[in-house]
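Notes for the one structure printed next.
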């Protein structure tokens, strides 16, 4: 049982890393090219699906059952993404209310 939890935790951490990369893409896009935010969502989605598909494809070569791996990956892609999105929305709101305040927070 402990080994299954380790596999799920490992894929959770991988999903969290992908969510962090997606957050960095969002943040950069909002700062530098806010008009292309919608088109960058395709890139973020491709990264998420590619990670999930990679976990699925590698499931037989990993020493853990498939279910904990996929659940860990799904949770790792979802919960951190929600938290990163909330953080980004707060920063964006601060920038829209007071441009100087938003610039200080982004540094």
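Residue numbers (my numbering): 27 to 133. Cβ atoms here follow ideal geometry from the backbone N, Cα and C, with glycine treated the same way.
When the Cα atoms are used, what is the spatial distance from residue i to residue j?
i           : j           : result
residue 109 : residue 93  : 24 angstroms
residue 74  : residue 44  : 7 angstroms
residue 91  : residue 85  : 7 angstroms
residue 96  : residue 70  : 19 angstroms
residue 117 : residue 28  : 39 angstroms
residue 111 : residue 54  : 13 angstroms
residue 59  : residue 121 : 15 angstroms
residue 100 : residue 83  : 15 angstroms
Between the Cα of residue i and the Cα atoms of the options, which residue gives the shortest distance?
i           : options               : result
residue 50  : 120, 121, 107 and 123 : 107
residue 42  : 55, 30, 54 and 78     : 78
residue 31  : 72, 69 and 89         : 89
residue 72  : 112, 47 and 59        : 47
residue 81  : 68, 120 and 98        : 98
residue 33  : 115, 52 and 87        : 87
residue 103 : 115, 123, 120 and 76  : 76
For the alpha helix (DSSP H) holding residue i, just list the boundary residues, first then last.
i           : result
residue 106 : 92-123
residue 88  : From DSSP, residue 88 is part of no alpha helix (DSSP H); its letter is neither H nor E.
residue 59  : Neither: residue 59 is in no alpha helix (DSSP H) and is coded neither H nor E.
Three or more C-beta pairs below 8 angstroms linking the region 59-66 and the region 28-47:
no
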